[in-house]
Amino acid sequence: MESVLKKHFGYSAFRPYQKQIIEHILDGNDSLVVMATGSGKSLCYQVPPLISNKTAVVISPLISLMQDQVMALKQRGIRAEYLCSAQIDSTVQSKAESGIFHILYMTPEKASSVSNSFWSKLLNVGICLLAVDEAHCISEWGHNFRVEYKQLDKLRDVLINVPFVGLTATATEKVQSDIIQSLKLKDPYLAVGSFDRKNLFYGVKTSNHGSSSVFEFVEEILKCVASSGSIIIYCTSIKDVEQISKSLLEAGVKSGIYHGRMASKAREESHRLFIRDEIQIMVATIAFGMGIDKPDVRHVLHYGCPKSLESYYQESGRCGRDGIASNCWLYYNRSDFAKADFYCREAQSESQRKAIMESFMAAQQYCMLRTCRRKYLLEYFGEICAYENCGYCDNCTIPKKEIDVSKQAFLLMACIKSCGGRWGLNLPVDVLRGSRSKKIVDARYDKLPFHSLGKEVSANWWKILASQLISFGFLTENLKYKTISVSPEGMNFLSSCTPDHQPPLLLPVGEEEQQNA
Ligand code: ADP
Ligand code: ZN
Numbered sequence: 001m002e003s004v005l006k007k008h009f010g011y012s013a014f015r016p017y018q019k020q021i022i023e024h025i026l027d028g029n030d031s032l033v034v035m036a037t038g039s040g041k042s043l044c045y046q047v048p049p050l051i052s053n054k055t056a057v058v059i060s061p062l063i064s065l066m067q068d069q070v071m072a073l074k075q076r077g078i079r080a081e082y083l084c085s086a087q088i089d090s091t092v093q094s095k096a097e098s099g100i101f102h103i104l105y106m107t108p109e110k111a112s113s114v115s116n117s118f119w120s121k122l123l124n125v126g127i128c129l130l131a132v133d134e135a136h137c138i139s140e141w142g143h144n145f146r147v148e149y150k151q152l153d154k155l156r157d158v159l160i161n162v163p164f165v166g167l168t169a170t171a172t173e174k175v176q177s178d179i180i181q182s183l184k185l186k187d188p189y190l191a192v193g194s195f196d197r198k199n200l201f202y203g204v205k206t207s208n209h210g211s212s213s214v215f216e217f218v219e220e221i222l223k224c225v226a227s228s229g230s231i232i233i234y235c236t237s238i239k240d241v242e243q244i245s246k247s248l249l250e251a252g253v254k255s256g257i258y259h260g261r262m263a264s265k266a267r268e269e270s271h272r273l274f275i276r277d278e279i280q281i282m283v284a285t286i287a288f289g290m291g292i293d294k295p296d297v298r299h300v301l302h303y304g305c306p307k308s309l310e311s312y313y314q315e316s317g318r319c320g321r322d323g324i325a326s327n328c329w330l331y332y333n334r335s336d337f338a339k340a341d342f343y344c345r346e347a348q349s350e351s352q353r354k355a356i357m358e359s360f361m362a363a364q365q366y367c368m369l370r371t372c373r374r375k376y377l378l379e380y381f382g383e384i385c386a387y388e389n390c391g392y393c394d395n396c397t398i399p400k401k402e403i404d405v406s407k408q409a410f411l412l413m414a415c416i417k418s419c420g421g422r423w424g425l426n427l428p429v430d431v432l433r434g435s436r437s438k439k440i441v442d443a444r445y446d447k448l449p450f451h452s453l454g455k456e457v458s459a460n461w462w463k464i465l466a467s468q469l470i471s472f473g474f475l476t477e478n479l480k481y482k483t484i485s486v487s488p489e490g491m492n493f494l495s496s497c498t499p500d501h502q503p504p505l506l507l508p509v510g511e512e513e514q515q516n517a
């Protein structure tokens, strides 16, 4: 095995898990490989065909990715090709049937639609493994469910004794067991690496509402531009991509853009300029995804709460692949949380809707987290994390001074309670700030004793306080109806308050929030 590694790839030693996985494949066992991007998963299915002299069939979702891999393998003297449904020329397929390829890539559509006679010819000449790359796409609980993956379960009945290998960079325990079930893996060897990317700094900031928000965000990007290395900005909408790129240009910085509504030529050009360092910044939607292998990305900034923690982990994971210290900052506004319904529209079943909702909630919680972000991420992916403080995220390093907010918390909670807990946050905040809008006067909320008592601080400050009261369990947010009410714990606090006296309530407030106050 080592000599094959040396001869074909030029490497002198295997990385963790690689050898064990290859041995299991050669022994005819199934495996599930969950290892971080860049850890060397591809090698696990590329070595066995060179040893056994049988074909490895690899299912991969992206044609561009397969083309890159095939080219790289050919350069190493390995016979590789790919098959997809769009091909008219059938020579690759007939060559494949004769067993001349070491590695044959296929799209999931092709693999599930190709005839049984193709498989039996290939079986006759010898298949050493069937690998399913990006295997999380098979699970409704994964962050990137693809219908065409679902049909791969048929392959098990055709390729009965072929070792199956599922490979992915992100899968919670639930997704792992879903992959095992869907691919019908038999007593698989589990190779689950650590999710800890030690060179990545994780941090979150809140952004203001409205157009001033883009302006502030661009200022943050400009700070990153000052240091070297590439930057990826992930936005949750095409509109934001365009607006941020425009504002950057107005500030004198050219950036590339990438989103699903661009023509593929323009997208490729943008990608190419970024890879070749002709542009430093890529502003993109999550369409800028799989197959981005640029080692020196120093900053990944997210503008808006991501739709799941899995996708956040993958997108931010494109940072610092070369192992050098890099930064992942997320900017969010509470209004991002209202996107739940939008994301749920993609759901095709109730269980999928639930899955989307749960992943989105985890991302929201990450935004509002007051404890170690790394620990939260690792534990989300089922890793046991012995420490409380990683020393390398904002919550572990940037001191958050605790201030006594008992008076303001009392006002806000009492106001929310008096308004009946039927509203979002805007109305009670407007009441505190003394608004006499028609809605407020009609409901006689201007007669409440707290009306106008909170004028001295901004509406945004009240909202930041509210999000803290939510994360500390004093307020409850109903995400479906977008209403805020006082929780039993909040009621407890209120019952120990009088208008002139409240028990102390210390909450950690970040530097920027103190400035806002
Ligand atoms: P993944 O599929 O897990 O994202 P890749 O298979 O693309 O990762 O591997 C990432 C990089 O590491 C590639 O450049 C690959 O050639 C290299 N690599 C893989 N295995 C080894 C090894 N044993 N020694 C040195 N480099 C390796
Ligand atoms: Zn930490």
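1 is the number of the first residue of the sequence shown in UniProt numbering; add one for each residue after it.
Don't be surprised by glycine CBs; every beta carbon is placed ideally from N, CA and C.
Note that the structure is predicted; figures quoted are calculated from it, not measured.
Counted as a single uninterrupted DSSP element, the alpha helix (DSSP H) harbouring E109 occupies residues P108 to S113. Beyond the five residues adjoining it in sequence on each side, Q502 comes within less than 7 angstroms, by CB distance, of S406, K407 and F410 in the same chain, given in chain order. Annotated three-state conformation of P508 is strand, per DSSP. Annotated as distal: L412 and L427, with beta-carbon spacing of 8 angstroms or more.
Inter-segment contact for the region 47 to 58 and the region 112 to 130 is present: three or more beta-carbon pairs are separated by less than 8 angstroms. Between the ligand ZN and the CB of C396, the shortest heavy atom gap is smaller than 7 angstroms.
Under DSSP, D404 forms a beta bridge with L506.
P16 is not a Cβ neighbour of I59, given a cutoff of 8 angstroms. When beta bridges are read from the DSSP output, C235 appears opposite Y303. Residue environment: K463 is assigned as buried (16 or more neighbouring CB atoms within 10 Å of its CB, all protein chains considered). The C-beta distance from C372 to N395 rounds to 6 angstroms, short enough to fall under 8 angstroms. Nearest neighbour of V486 by Cα position, chosen from T498, C415 and F450, turns out to be C415. With 16 or more other CB atoms across the displayed protein chains lying within 10 angstroms of its CB, D178 is buried. Between the beta-carbon of L506 and that of E388 there is about 19 angstroms, and that puts the pair past the 8 angstroms contact cut.
Here DSSP, grouped into helix, strand and coil, assigns E134 to coil. Q364 sits buried, since 16 or more C-beta atoms from the chains shown fall within 10 Å of its C-beta. Spanning the alpha carbons of K307 and L378 requires a straight line of approximately 18 angstroms. Across the set I244, D157, G454 and Q75, the C-alpha of D157 shows the shortest separation from the C-alpha of S112. In the assembly as shown, L249 is an exposed residue. Its beta-carbon has fewer than 16 other beta-carbons within 10 Å.
Between the ligand ADP and Y11, a heavy atom-to-CB distance of less than 7 angstroms is present. In this structure, the C-beta of R15 approaches the ligand ADP to less than 7 angstroms from one of its heavy atoms.
By the CB criterion at 8 angstroms, T172 and F381 fall inside the cutoff. Residue environment for N327: buried (at least 16 other C-beta atoms within 10 angstroms of its C-beta).
Assignment of V457 by DSSP, reduced to helix, strand and coil, places it in the coil class.
Less than 8 angstroms divides the Cβ of I233 from the Cβ of I244. Between the ligand ZN and R373, a heavy atom-to-CB distance of less than 7 angstroms is present. Between the ligand ZN and N389, a heavy atom-to-CB distance of less than 7 angstroms is present. When Cβ pairs closer than 8 angstroms are counted between the two stretches, the region 16 to 29 is seen to touch the region 189 to 204, the count reaching three or more. F274 sits buried, since 16 or more C-beta atoms from the chains shown fall within 10 Å of its C-beta. Taking G323 as the centre and dropping the five residues before and after it, the same chain places the C-beta of N199 closer than 8 angstroms to its C-beta, in chain order. The three-state reading of DSSP puts M35 in coil, since its state is none of H, G, I, E or B.
About 7 angstroms separates the beta carbon of A56 from that of H102, a gap short enough to meet the 8 angstroms contact definition.
Distance between D133 and N116, taken at the CA atoms: about 22 angstroms.
Residue pairing by DSSP puts A191 in a beta bridge opposite V33. Set against 7 angstroms, the gap from the CB of G99 to the closest heavy atom of the ligand ADP is not smaller.
When beta bridges are read from the DSSP output, I484 appears opposite E477.
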